[in-house]
Every structure is written in structure tokens, then in C-alpha cells.
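First to last, the sequence lines map onto chains A and B. My numbering applies: residue 480 is where the first sequence begins, and numbers increase by one. My numbering applies: residue 480 is where the second sequence begins, and numbers increase by one. Below: the structure, in C-alpha cells.
2 protein chains.
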Amino acid sequence: MVIKPYGYGIWENMQKTLDKMFKDTGHVNAYFPLFIPKSLFEAEEKNAEGFAKECAIVTHYRLKTDPNNPGKLMVDPEAKLEEELIVRPTSEAIIWNTYKGWIQSYRDLPLLINQWANVVRWEMRTRLFLRTAEFLWQEGHTAHATKEEAIIETEKMLNVYADFVENWMAVPVVKGIKTANERFAGADETYCIEALMQDGKALQAGTSHFLGQNFAKAFDVQFVTKDNKKEFVWATSWGVSTRLMGALIMSHSDDHGLVLPPKLAPIQVVIVPIYKTEEGLAKINEVVFKLKANLQAKGISTKYDDSDTRKPGWKFAEHELKGVPVRIGIGERDLENGTVELARRDTLTKETVAIDGIEVVIENLLNAIQTNLFNRAKERQVQSTYLVDTYADFKTTLDEKPGFVLAHWDGTPETEEKIKEETKATIRCVPLNNMQEAGVCIYSGKPSTQRVLFARAY
Amino acid sequence: MVIKPYGYGIWENMQKTLDKMFKDTGHVNAYFPLFIPKSLFEAEEKNAEGFAKECAIVTHYRLKTDPNNPGKLMVDPEAKLEEELIVRPTSEAIIWNTYKGWIQSYRDLPLLINQWANVVRWEMRTRLFLRTAEFLWQEGHTAHATKEEAIIETEKMLNVYADFVENWMAVPVVKGIKTANERFAGADETYCIEALMQDGKALQAGTSHFLGQNFAKAFDVQFVTKDNKKEFVWATSWGVSTRLMGALIMSHSDDHGLVLPPKLAPIQVVIVPIYKTEEGLAKINEVVFKLKANLQAKGISTKYDDSDTRKPGWKFAEHELKGVPVRIGIGERDLENGTVELARRDTLTKETVAIDGIEVVIENLLNAIQTNLFNRAKERQVQSTYLVDTYADFKTTLDEKPGFVLAHWDGTPETEEKIKEETKATIRCVPLNNMQEAGVCIYSGKPSTQRVLFARAY
């Protein structure tokens with residue numbers, strides 16, 4: 480996966496926003512090694528087992544000239560590592576091995592650390608932004624003196640993610656808890672946010688794990704309490720990745736291309752001049768330079784696309800494709816009338832507005848677009864969430880009206896597995912604060928106390 | 480290498496500053512893969528040869544349960560890659576393979592792209608921050624239509640680095656050009672900035688390479704010119720890394736610990752309350768909360784260290800160790816007098832100053848410390864730069880007065896190699912705008928037209 484500059488600009492905006500949210504909730508950044516020695520990697524058995532099948536492994540540390548192939552290189556068999564190195568698929572092992580040296584007493588707790596990093600998970604079927612061998616992410620790893628504190632942290636970070644995805648990405652989510660089958664390998668509980676894409680498939684947008692004392696026990700991380708007892712440390716980890724770029728694209732795009740929420744758009748406003756003569760352009764420039772400066776003074780990222788190698792029509796299409804929220808077209812006749820043409824990307828509508836005071840109009844418009852994108856996606860999510868009471872209906876709904884399906888389940892991994900095999904639908908989560916309601920499992924007919932959220936997923 | 484939160488805070492400040500400088504000079508960020516297929520890696524032969532001996536190599540993509548070792552994992556021999564993957568030691572190969580698809584016409588040029596990433600170079604002897612198997616860096620990779628433009632870019636980025644290292648890190652540098660021996664593998668010319676550490680050893684702090692058409696030819700990247708001809712693209716690359724953290728530490732630290740230049744310090748001002756009673760603390764708090772808010776409003780990063788688990792003396796030592804530029808001590812008696820104790824880290828001096836108007840005093844003091852650190856390092860560099868005219872003097876100087884040595888050299892790689900073998904000193908660079916001066920080579924006695932900069936180096 481290569482992330483081109485415009486796409487990376489979106490990721491930079493995501494990073495900046497999330498990083499501030501993490502710091503505002505008391506976290507600091509640090510950096511841990513890319514390579515995990517195999518003996519450390521396998522220390523927490525469930526975690527190791529969960530990731531073993533998708534690990535890139537470094538076995539050698541040198542190339543040499545290939546004697547049979549002039550100008551080519553080959554792996555030097557004499558440079559074989561005594562212990563193989565795993566390219567991190569996630570960093571719990573290396574981080575908890577490090578925390579062991581950092582935590583002695585309750586005074587050293589909590590540790591609230593985040594890392595921005597690349598990770599590698601060898602995927603047989605890759606899908607751009609959603610499932611790539613290497614991806615960029617952040618992973619928070621916190622250490623606490625008590626179980627209660629760790630659970631509060633797990634839930635706090637889930638809420639940070641939900642806040643970010645809903646209020647910056649304009650993508651509504653369902654917050655919930657994963658079933659044991661879908662839990663992160665090595666966690667006692669996995670919290671998640673699930674989003675619904677336009678095609679009716681679910682996308683896991685972020686996870687926050689309560690790791691219990693599993694890693695503390697695997698790496699023997701104990702601390703001395705205030706009353707001088709030794710106890711194992713409690714842990715959480717939580718992450719979101721460049722997968723969010725996929726969620727953004729699939730939530731808002733239309734046939735004309737990307738549609739970006741203003742809060743994350745690298746360019747919020749693009750201004751395109753429409754002119755016939757150099758004098759005409761000079762007059763437009765005069766107005767635009769001032770307008771651009773005014774917008775930027777308001778913190779609005781503005782691009783003046785005055786390149787002379789492309790026609791206005793080409794530029795309009797290009798900026799639509801790139802999802803720039805607001806476009807201003809300004810021609811010579813507009814100047815005479817003191818107006819511009821203002822186009823919004825979300826609705827593809829245009830209107831003529833006075834230049835005088837347009838900065839406030841644009842500011843409000845950006846907010847309106849942000850709100851509209853969220854409301855539109857939320858409306859779609861609500862319309863595509865179905866209550867289903869029989870297995871026949873369940874299957875028909877998945878095929879004919881793809882979306883979220885709320886249905887009763889008997890709570891067993893076996894039933895969950897059967898439903899997945901037969902329908903490709905998985906339990907996305909048990910929603911938080913789920914309504915309790917007596918019912919019968921759509922598959923087994925056994926009693927159930929609540930509906931869970933099913934969907935086919937990316 | 481693990482970068483702990485406080486150290487990572489310094490790196491974040493470096494990143495933020497450099498990133499802005501890159502963007503202000505027209506560059507954008509992007510991201511390219513960590514793994515480079517061997518066939519791409521070896522395409523530019525000199526570059527491949529230069530890095531072949533220090534490459535981590537991924538050969539397998541799966542672990543499996545070890546049948547002979549319950550609970551342990553082993554590399555699955557059936558999951559051997561057909562083509563090995565090189566963990567990037569630098570990204571020219573993967574990036575130029577990508578640029579091939581991005582560049583068709585002169586309209587696509589220049590490409591001015593930077594990447595923030597981790598890279599791996601297998602080092603036999605590692606040294607914290609200076610030489611680690613994995614390190615963090617940025618690597619700029621630009622593509623140009625003409626040789627002239629590429630050289631201008633190479634020099635521009637060298638100047639950006641020099642500006643950053645001198646004016647943010649407060650570390651003076653010598654700008655110059657590497658000899659052919661010391662040139663980056665695959666470059667036509669390597670520009671560098673060289674700094675002198677307190678122990679008299681040189682440290683290469685950043686490099687900017689003019690790559691000619693070497694990578695364009697290796698990856699067949701051609702473009703159609705305005706007059707419809709096909710030409711190979713011209714390239715540059717440039718990078719600085721977490722090695723700068725080492726330069727920072729070794730330039731300014733003293734026996735009490737780190738000394739950080741205010742412009743990069745995660746905490747610029749620390750305030751320590753000195754109190755006997757809770758009421759005393761309450762009174763101090765009242766003053767400090769207001770002072771801290773005022774300082775932060777001026778963009779000064781301020782920490783109020785009011786933890787009650789440590790005594791003031793412990794805190795003073797701790798913040799000295801961490802190199803916090805300015806410390807304010809405030810006690811109950813100070814309150815009565817309307818004063819505080821103001822200590823500066825660079826000179827370890829203290830004075831009593833009025834609280835009233837102290838914000839401006841501190842602002843000026845931070846600037847004064849920044850300037851003082853640079854001047855002090857510059858003075859040391861000037862004092863430790865020696866003009867030497869005989870090989871005997873050269874050797875004595877290196878042993879007895881370690882530093883930069885300016886000496887005549889006959890310009891041949893053979894002489895350079897001999898001097899290195901016999902003295903462990905290398906030519907750090909031929910300084911830019913070097914004074915031309917007739918002389919004889921200290922080693923061979925052959926004629927020379929200029930002195931070059933020698934030193935023992937990290």
C-alpha cells in the first residue's frame with residue numbers, strides 16, 4: 480500500500496485530531512521496536528496463537544553477491560539469526576516486556592502511553608485501506624493498579640474513538656462488546672465501534688481491549704501496593720488505523736468521487752477563476768487573494784487553483800473527485816455583480832452569493848456540510864437496521880436488504896459459528912446499554928435475553 | 480531502542496518543526512511500504528551494494544505450533560516467500576519504482592515528497608540514538624525535470640537542515656560535500672552538515688543527496704519534455720533521524736544531566752512549590768495557577784510540579800537531570816515579598832525576581848538561553864578547530880586536542896583511506912565555499928588546492 484500525498488493529508492488530519500484527544504485524556508507518546516524476538520512474542524500464548532498465522536518473520540540480516548547471478552544479490556546463509564524476529568502485528572509483547580522494567584511500585588502507575596507506528600499482518604486477501612499487509616495505526620497501552628481503573632480506561636478510549644468517528648469523520652457508530660469468538664487474542668473483553676458502509680456491510684472502526692492481567696502474568700509485571708503487597712498489573716490496549724480512511728471513503732463517496740467531511744478535508748475550500756484574458760485574471764486575482772487570506776485567517780484551509788494548464792471544467796471535476804467540501808467559481812461577470820458561485824460537494828448544489836461577507840457564509844456552510852454528512856449517514860444506518868425474529872427472515876434480510884440485523888442469539892459460540900458458516904454474517908457486537916428483552920434464538924430456538932448486532936462485514 | 484515518553488516529546492517537537500519547514504518549502508508527505516522485494520532492492524546496483532551487508536530480511540510469513548516444544552512457536556517452513564523482502568534501510572528503490580507510475584510528462588514534475596518512517600540498518604556495534612538497528616527518520620525524495628533544479632533542491636534542503644540544527648537545536652554545523660568514499664551509495668554528490676560533540680568527535684547530523692539520474696535509469700523513469708522529447712528524471716533524497724537526539728544530548732549536557740534548548744524542550748518552565756502546610760500550598764497555588772495560565776497563553780510550555788510524594792530538593796535534581804531550561808521555586812516567604820526564585824539550567828545560576836511582570840522576564844530568559852547554548856557550542860567548535868600542516872601534527876592533534884582538523888589532502892581516495900586506517904580520522908567534508916589555498920597533502924606531500932575537514936567521528 481502506498482498512501483499518496485492527498486490521502487496522507489487526510490491521515491495527517493486524523494492523526495493530529497486523535498493525538499490531541501489522547502493527550503487531553505492524559506496520554507503521552509513513546510516508541511517501541513518494530514521487531515519482536517520470537518521468545519517474547521510467544522510469551523502470552525493466546526495473543527501469540529492469534530497472530531501466529533499472519534506474521535512476517537525476519538530470519539537473516541545480510542545479503543551478499545549472488546555468485547551465479549552477476550549484479551544480483553542473495554540472502555547470505557551465514558547471516559542467519561539465532562532467534563527469529565517477528566515484525567510486530569501488534570505490540571503488547573514488546574511493550575509489556577519493557578513495562579516490566581518501568582513498573583515497581585503503585586507510584587509508577589498508571590502508565591498511559593500511546594504509540595504511532597506501522598504494523599504488519601500477513602493477509603491472504605488484501606483490500607486497499609481495509610486489509611493490507613502493512614498499515615499505519617496508533618496503539619495505546621496502559622497499565623493500572625486496579626481492575627476497575629483499567630475498565631474505566633478501556634471504556635474512556637472507546638468513547639474517544641466514537642467521538643472522533645462520529646464528530647470528525649461524520650460516520651455514526653454502534654458501540655458494543657465483542658463476543659468471545661471475535662475478541663482480541665489475549666484480551667478479557669474487547670469493546671468496539673461498528674460502522675455501516677453504504678453497501679450495507681459493517682466495518683469495525685476501532686477497538687479498545689481490557690486485557691486483564693494476562694500480559695502482566697506472561698511477562699511477570701508486578702507492583703508493590705500502598706499496603707506493601709505484590710500484585711499483577713492490569714492492562715488495556717486500544718487502536719485505530721488507516722482502515723479509518725476506508726471507512727471515510729465508503730461512508731460518504733458518491734458517483735462523482737470522494738466526499739470529505741470538512742473537519743478532515745486537507746482542502747476545505749477551492750477557488751477556481753474563470754477568465755478569458757490576462758486582465759480578467761488579474762482582476763479576479765485581486766479579489767481572490769484577499770478572500771483567501773480572510774478564509775485562512777479563520778483557519779479555513781483554502782486552495783486557489785489558478786494553474787493555466789487546465790480548463791475550469793476539468794478543475795471542477797477534479798475537485799469533486801477529491802471531495803473538496805466547498806468550491807467557489809469566480810468569473811469576470813461575477814466581479815461586476817459582486818458575487819461568486821458557491822458549490823457544495825455533499826449535495827452538488829450551487830448558488831450565487833454576494834462576495835461581501837462570504838467568509839461567514841462559508842464558515843457556516845462548512846459546519847452545515849459536516850452536520851449534513853453525519854445526519855445522512857445516520858439516517859441510512861437507522862433505515863438499514865432491521866429487527867428480525869426468524870432465521871428465514873434473517874437470511875432474506877441479509878441478501879435483500881443488507882445492513883445491521885438485530886436478532887436474538889442463545890449466547891453460545893457454537894450457534895454463532897454455525898450462523899457465520901451458513902450466512903457469512905458475524906455478530907458485530909453486543910451493543911452497550913443493550914435493551915433487555917426476552918426472546919428465542921433465531922438459530923437454536925433457545926431462550927435469549929437480548930438482541931445482538933449481526934452483519935456481513937469487511 | 481525504546482524511546483521513552485520524555486525523549487519522544489523532544490522528537491515530536493523536532494518533527495513538528497521540521498515538518499513545517501518542509502511544507503513551507505513546498506513539500507508534501509506520503510507513505511511507502513516497509514518491505515522492498517529483493518528484485519526492486521537490487522535494481523540500483525550501487526545503492527543495493529552499499530546497503531546489502533546491513534539488511535534485515537523477511538523470508539517467511541507464518542509461524543506454527545512447534546511439535547517438539549509445547550506452547551512454543553516455530554517458523555512454518557511451508558510459509559517461505561518466493562521472493563525475499565528487504566526491510567527498508569532507505570526507500571529510494573521502492574519510491575522510484577512507484578514514481579515510475581506517477582511521472583509521464585513535465586507537467587508531473589517536480590514531485591516534492593517527504594516520508595516520516597522507521598528504517599532498519601543492521602549494525603554490529605550499536606550506540607543509543609547514534610547507531611541503532613531500527614531508527615526513526617524522515618526521508619525526502621524529489622523528482623525534477625532538470626539537473627540544475629535537482630541541485631538547487633539538494634542545496635535548499637541542506638540549508639533547511641542547517642537552519643534547524645543551528646537555530647532550534649542550538650548546535651553549530653559545518654556545511655560541506657562528502658568525498659567519493661563517504662558518499663551515499665547511489666548518489667552523484669552527498670551534501671552534509673557536520674557537528675562537533677563536546678568530546679571532540681564529529682557527528683554527521685544530516686545529509687542531502689543529489690542522485691543524478693541513477694534511480695531514474697535503474698527504474699526507467701522517463702518523462703516527456705515540453706518539446707516532446709523523452710528524458711530521464713533527476714532525483715534528490717535527504718534525511719535526518721533520531722540521531723539528532725544523540726547530537727542534542729552530546730552537545731549541551733553537563734554533569735547534572737541534559738540541557739535542552741528552549742525551542743525543543745517538552746517542558747520549558749517548571750514551577751516547584753515549597754511549603755510546610757496545606758494552607759501554605761493553597762496560597763502558593765493561587766499565585767501559580769495564574770502564572771501558569773499567563774505563561775501558557777504566551778505559548779510557553781509550563782509544568783507545575785505539585786506532587787506531594789517528593790521533596791523540593793528531589794524535584795530540583797530531577798528537572799535538572801531532564802534539562803528543563805527554566806525552574807521557578809516559590810515558597811511562602813516569597814509570596815510575602817512578591818518574589819520567586821528563578822533558576823536557569825544552562826548556567827545553573829539563580830536569582831530572586833519580582834512576580835509582577837515575570838512572564839516577560841521568562842520569555843526573554845528562554846530566548847537568552849537558546850542564544851547562549853548556541854554561542855557556547857559555537858565557541859567550543861571554533862576553539863576545537865585546528866589548522867594542521869604536517870602528518871605528525873595531525874596525529875598529535877587528534878590524540879591530544881580532539882576536534883575538527885583542517886588539513887591539505889591530495890584529493891585521492893587512496894590517501895584518504897590510508898589516513899583513516901592509520902588514525903581513525905575521516906574526511907567529514909569539503910566545506911562549502913571553501914577557501915582556496917595552495918598547499919601540500921599532509922600524507923603524500925602532493926600539491927593540494929584546499930584544506931578539508933578531518934575528524935574522528937561517531
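Idealized CB from N, CA, C, for every residue including glycine. No experiment lies behind these values; they were computed from the predicted model shown.
Using a Cβ cut-off of 7 Å, pull out every chain B residue sitting near MET480 (chain A), in sequence order please.
PRO512
What does the alpha-carbon distance come out to for the pair ALA612 (chain B) and GLY580 (chain B)?
31 Å
Near-chain A residues of the stretch 785-796 of chain B (beta-carbon distance less than 8 Å), N- to C-terminal order:
THR788
Cross-chain neighbours of THR818 (chain B) in chain A, by beta carbon under 9 Å
Neighbours of THR818 (chain B) on chain A: none; closest Cβ ~33 Å, over 9 Å.
Taking only the alpha-carbon atoms, compute the straight-line gap between ALA659 (chain B) and PRO892 (chain B) and give it to the nearest angstrom.
7 Å
Give the range of the beta strand (DSSP E) segment to which LYS654 (chain B) is assigned.
652-656
ILE536 (chain B) and VAL554 (chain A) look like a contact to me (Cβ under 8 Å); what is the Cβ gap, rounded to whole Å?
6 Å
Using the three-state DSSP reduction, which class does ALA612 (chain B) fall into: helix, strand or coil?
coil
Bridge partners for LYS742 (chain A) per DSSP, in chain order?
Note: LYS742 (chain A) sits in no beta bridge, so no partner.
Residues of the stretch 594-613 of chain A whose Cβ lies closer than 8 Å to any Cβ of chain B, in chain order:
ALA596, ASN597, VAL599, TRP601, ALA612 and GLU613
For the beta strand (DSSP E) holding GLU561 (chain B), just list the boundary residues, first then last.
559-566
VAL839 (chain B) lies in the alpha helix (DSSP H); which residues open and close that run?
837-862
Which of helix, strand or coil does DSSP assign to ARG806 (chain B)?
strand
Local conformation of HIS735 (chain A) per DSSP, three classes
coil
Count the other CB atoms, across all protein chains shown, that sit within 10 Å of the CB of LEU609 (chain A); report buried if there are 16 or more and exposed otherwise.
buried
HIS688 (chain A) (DSSP reduced to helix, strand or coil):
strand
Would you report the Cα separation of GLU557 (chain A) and GLU602 (chain B), rounded to the nearest angstrom?
16 Å
Start and end of the alpha helix (DSSP H) containing VAL644 (chain A)?
626-646
Quick one, which of A:ARG930, A:GLY718, A:GLU523 and A:LYS517 has its alpha-carbon nearest GLN494 (chain A)'s?
A:GLY718
Opposing strand residues paired with VAL751 (chain B) [DSSP bridges]
B:GLY808
Among all the DSSP beta bridges, which residues are the ones paired with ARG606 (chain A)?
A:ARG610
Beta carbons nearer than 8 Å to chain B: which residues of the stretch 579-594 of chain A have them?
ARG586 and ILE592
Pick out whichever of A:LYS742, A:ALA664, A:LEU737 and A:MET676 has its Cα sitting closest to the Cα of PHE643 (chain A).
A:LYS742
Distance CB(GLU811 (chain A))-CB(ILE753 (chain A)) smaller than 9 Å:
yes
Return no unless some Cβ of chain A is closer than 9 Å to the Cβ of TRP490 (chain B).
yes
Classify HIS798 (chain A) as helix, strand or coil using the three-state DSSP reduction.
helix
Beta carbon proximity, GLY529 (chain A) to chain B, threshold 9 Å
no
Going by the DSSP bridge assignment, what does CYS534 (chain B) pair with across the sheet?
Beta-bridge pairing links CYS534 (chain B) to no other residue.
8 Å Cβ cut-off: residues of chain B touching TYR865 (chain A):
Neighbours of TYR865 (chain A) on chain B: none; closest Cβ ~39 Å, over 8 Å.
Considering only C-alpha positions, which residue in the set B:HIS539, B:TYR585 and B:THR569 is nearest to ASN707 (chain B)?
B:TYR585
Buried or exposed: which applies to ALA776 (chain B), given that a residue is buried once 16 or more other Cβ atoms fall within 10 Å of its Cβ?
exposed
Three-pair Cβ contact test at 8 Å for the stretch 843-859 of chain A versus the stretch 867-877 of chain A
no
Flag this pair as yes or no: are the beta carbons of VAL803 (chain B) and LEU739 (chain B) separated by less than 9 Å?
yes
Looking at ALA522 (chain A) and ALA697 (chain A), is the spacing between their C-beta atoms short of 9 Å?
yes
With distances taken from CA atoms, which of A:ASP678, A:GLN683 and A:ALA664 is nearest GLY672 (chain A)?
Residue identity differs from the one stated: residue 672 (chain A) is Ile in this sequence, not Gly. Cα-wise, what sits closest to ILE672 (chain A) is A:GLN683.
Distance CB(THR704 (chain A))-CB(ALA629 (chain A)) smaller than 9 Å:
no
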